[in-house]
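Here the numbering used here is used: the first residue of the sequence shown is 89, the next is one more, and so on. One structure below.
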Amino acid sequence: MTGYNKSNEISLRKYRKRRNKAIIIAIIFAIFLLFIIPAIFMKSFNFNKVSTSIDSMSRHIAVLDIDGEMSDSSDSSYDHFWLMNTIDKLGTNPKNKGILIRVNTPGGSVYYSDELYNKLMEYKKTTKRPVYIYMENMAASGGYYISAAADKIYANRNCWTGSIGVTTGTMINVKGLLDKLGIKAEAITSGKNKSMGSSTEEMTEEQKAIMQALIDESYERFVEIVAKGRNIKIEKVKEIADGRIYTASQAKDLNLVDRVCTEDEATSDIIKENKFGNIKYVLFSPPKPSIFDRLG
């Protein structure tokens with residue numbers, strides 16, 4: 089029987105310590121290989137098609153995606169400023185022969201919708217090239233607003249579109265609850281309408297009229313844009329522009345879209361309609377943020 093050997097135990101502890109250390113180092117190295125190096129690569133060589141490859145590209149139709157709420161929220165994949173800049177760059181490239189925008193959005197900011205609409209109209213006017221829309225899952229409100237700039241609108245049969253209208257969003261008034269709780273809220277303002285819309289104050293009839301006037305002006309502009317883009321009389325647009333959502337087939341019947349079809353059918357139709365011949369569809373996407381951008 090072998091007796092207790094302290095030196096052997098110490099050696100075993102050292103071995104286990106070295107082994108555990110080696111395992112930890114190996115894990116860290118594996119994480120480095122899997123995440124850090126690709127992140128560095130993306131940071132250094134992130135492929136921005138607009139700035140690096142557009143000049144050497146062959147004849148093409150640019151494909152741009154509008155995905156998510158049209159806002160500046162970090163939760164949205166929508167990149168307004170990238171889109172505006174990209175359309176400008178495409179407009180100066182003679183090898184670009186048109187734009188196809190794939191829309192999948194519930195809408196968003198009136199400001200962003202109007203800016204993008206005007207940018208597309210500017211592109212059409214200066215280049216004399218067509219703009220097409222393919223509506224995917226949803227193209228509502230602001231999504232339809234920008235679609236009105238298109239020469240032709242295609243929609244997937246499962247798409248919901250329309251929602252032609254403007255809203256301030258829901259304003260919640262908690263004054264009654266605060267009164268019950270014995271809580272009094274006060275605001276010092278420079279005028280009686282400065283704090284209108286406050287959740288702690290009742291909105292007066294005058295204030296409601298002010299807010300309604302703001303909404304009405306934006307709504308009239310929306311209606312005019314749809315009427316112009318779809319060649320429909322304003323009176324008819326107002327009949328269908330009550331904020332409701334339409335299916336693709338309903339929208340087709342109302343002349344809000346031109347064709348209900350698959351994306352492949354749409355892209356084939358565009359090439360055939362313009363007699364483009366041998367031309368490519370090229371997807372332009374904003375650079376994806378690296379792990380360092382997310383950490384920053």
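For glycine and all other residues, C-beta sits at the position ideal for the given N, C-alpha and C.
Comparing alpha-carbon positions, which option in the options lies nearest residue i?
i, options, result
"Met223", "His148, Lys368, Gly156, Ile322", "Gly156"
"Gly196", "Thr255, Leu208, Leu171", "Thr255"
"Tyr233", "Lys316, Asn181, Thr180, Ser165", "Lys316"
"Gly230", "Gly179, Arg309, Leu269, Ile298", "Arg309"
"Pro194", "Met158, Lys326, Asp352, Arg332", "Met158"
"Leu188", "Ile322, Ile359, Ile320", "Ile359"
"Tyr205", "Ala237, Gly331, Leu265, Phe372", "Ala237"
"Ser235", "Ile154, Ser146, Thr350", "Ile154"
"Asp167", "Arg147, Tyr200, Leu265, Gly179", "Tyr200"
"Leu147", "Asp160, Gly186, Asn173", "The sequence shown places Arg at residue 147, not Leu. Ranking the options by Cα distance to Arg147, first place goes to Gly186."
"Lys340", "Leu171, Ala243, Met209", "Ala243"
"Ser363", "Glu294, Pro218, Ala301", "Note that residue 363 is Lys in the sequence shown, not Ser. Selected option, being the one with the closest Cα: Pro218."
"Glu203", "Thr350, Glu351, Ile313", "Ile313"
Quick one, are the C-beta atoms of residue i and residue j less than 7 Å apart?
i, j, result
"Gly250", "Tyr334", "yes"
"Thr292", "Ser283", "no"
"Tyr220", "Lys240", "yes"
"Val348", "Ala336", "yes"
"Arg318", "Asn281", "no"
"Ala150", "Val191", "no"
"Ile175", "Lys207", "yes"
"Lys324", "Thr288", "no"
"Lys296", "Val311", "no"
"Gly270", "Gly331", "no"
"Ser356", "Val198", "no"
So is residue i buried or exposed if we call it buried at 16+ other beta carbons inside 10 Å?
i, result
"Pro374", "buried"
"Lys213", "exposed"
"Asn366", "exposed"
"Lys368", "exposed"
"Ala354", "buried"
"Phe169", "exposed"
"Leu152", "buried"
"Ser165", "exposed"
"Asn184", "buried"
"Asp346", "buried"
"Leu371", "exposed"
"Ile260", "exposed"
"Leu265", "exposed"
"Leu171", "buried"
"Leu302", "exposed"
Can you tell me where the beta strand (DSSP E) with residue i in it begins and where it stops?
i, result
"Lys368", "368 to 371"
"Thr249", "248 to 250"
Considering residue i, what are the terminal residues of the alpha helix (DSSP H) in which it resides?
i, result
"Gly257", "Per DSSP, Gly257 belongs to no alpha helix (DSSP H) and is neither H nor E."
"Lys376", "Lys376 -> no alpha helix (DSSP H), and no H or E assigned at all."
"Ala386", "Since the first residue shown for the chain is 89 and the last is 384, residue 386 is missing from the structure and cannot be characterised."
"Lys363", "No alpha helix (DSSP H) holds Lys363; DSSP gives it neither H nor E."
"Ser229", "It is not in any alpha helix (DSSP H) - Ser229 carries neither H nor E in the DSSP assignment."
If we cut at 7 Å on Cβ distances, does residue i have a partner in chain B?
i, result
"Tyr199", "The structure shown has no chain B; it contains just one protein chain."
Tell me the start and end of each unbroken alpha helix (DSSP H) in the segment 143 to 219 that is at least 4 residues and wholly inside, in chain order.
Fully contained in the segment 143 to 219 are the following alpha helix (DSSP H) runs of length 4 or more, in chain order: 168 to 179, 198 to 215.
Continuous beta strand (DSSP E) assignments of at least 3 residues falling wholly in the segment 263 to 342:
At a cut-off of 3 residues, the continuous stretches assigned as beta strand (DSSP E) that sit fully inside the segment 263 to 342 are 333 to 335.
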